[in-house]
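Those letters in the sequence shown? Residues 309 to 577, per my numbering, in order.
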Amino acid sequence: MDNKITSIEDLLLVILVILMIGISLVLIFVILQTNNATRRLIAQKTGQEYEEFDFGKWWKKINGTTVSVTDEKSIMLHHDYDGIKELDNHLPPWWVNMFYLTIVFAIVYMLVYHVWDKAPLPAEEYELAMEKARKEVEAFQQQQGNSIDEKSVQLTPGDAGALANGKTIFESNCAACHGASGEGTVGPNLTDEYWLHGGSINDVFKTIKYGVPEKGMISWQSTIKPKDMQDVANYILSLQGSKPANGKAPEGEKHVAETVAAADSAAVQ
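What follows is the structure in structure tokens.
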């Protein structure tokens, strides 16, 4: 994974964190100095002694006792390895305390992630994130699909998935009146160039959506989603020129402006 700064927002966030740390250190310094001044004034009025906060002593306590190079003989051990001598120089307290904290963290991590299963492991967290992303994509696609109408519907002749979906919906809802291959039974033949209500993708979508109640075709807008109606309309147009057996006689007016190649239909047969 690339951990480099990839955007202005990331850079600004880093700068903000650095500024917050700097401001915090300044505030701590000001508070300590104010505390020293307050204690000094109180001591002057009461005549009591006081001890100011000494940064040097504080740092020495945190950093531990360090021995200068000139005084190293005082901590030198009686070990000699080819002229290399060993010093009894202790690790600074802050380093030792951080080491202890890593041990505590490791124990807590093991209990939370591996014993009690209270939090997902990285692989599980990845799967959860992918599942969340998948649902967000589906929701977005659903929203986009619901915005399709008779004006925005599009021809998608190269989309095999859409044609397959349109074929499934056609066979479940339309084949009873138009035949399994679109040859026409009660309803008109959908495989020729003649249309009763227009043969463009917009016309076919509109007919599916609103129906033709006076001729017995119901409206499907409350049953089929707009994206699915677009798929059905594209599948119907893909039947052009397929010439199924027992095709019903042509009805309506000839329309050849927009068709989807019959080869695309064959791809989903």
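A virtual CB, placed ideally from N, CA and C, is assigned to each residue, including glycine.
**OP:** Sort out for me which residues DSSP pairs residue 389 with in a bridge.
**Re:** 392
Original post:
Just checking my contact of residue 502 with residue 559 at CB under 8 Å: how many whole Å lie between their CB atoms?
Top reply: 6 Å
**OP:** Buried or exposed for residue 424, please, with buried defined as at least 16 other CB atoms from any protein chain shown within 10 angstroms of its CB.
**Re:** exposed
Original post:
By Cβ distance, which residues of its chain are closer than 8 Å to residue 510, with the 5 residues on each side in sequence left out?
Top reply: 458, 459 and 461
Original post:
Roughly how many angstroms separate the alpha carbons of residue 327 and residue 402, rounded to a whole number?
Top reply: 24 Å
Subject >> DSSP-derived helix/strand/coil call for residue 561 >> reply: strand
Original post:
Just how far apart, CA to CA, sit residue 469 and residue 322?
Top reply: 45 Å
Original post:
Which full runs of the beta strand (DSSP E) of 3+ residues lie inside the segment 442-509, going along the chain?
Top reply: none
Original post:
Which residue's Cα is closest to the Cα of residue 466: 346, 357 and 542?
Top reply: 542
Original post:
Which runs of the alpha helix (DSSP H), 4 residues or longer, sit entirely within the segment 511-561?
Top reply: 534-546
Original post:
Can you give the Cα-Cα distance for residue 407 and residue 365, rounded to whole angstroms?
Top reply: 23 Å
**OP:** List the endpoints of the continuous alpha helix (DSSP H) containing residue 378.
**Re:** Residue 378 -> no alpha helix (DSSP H), and no H or E assigned at all.
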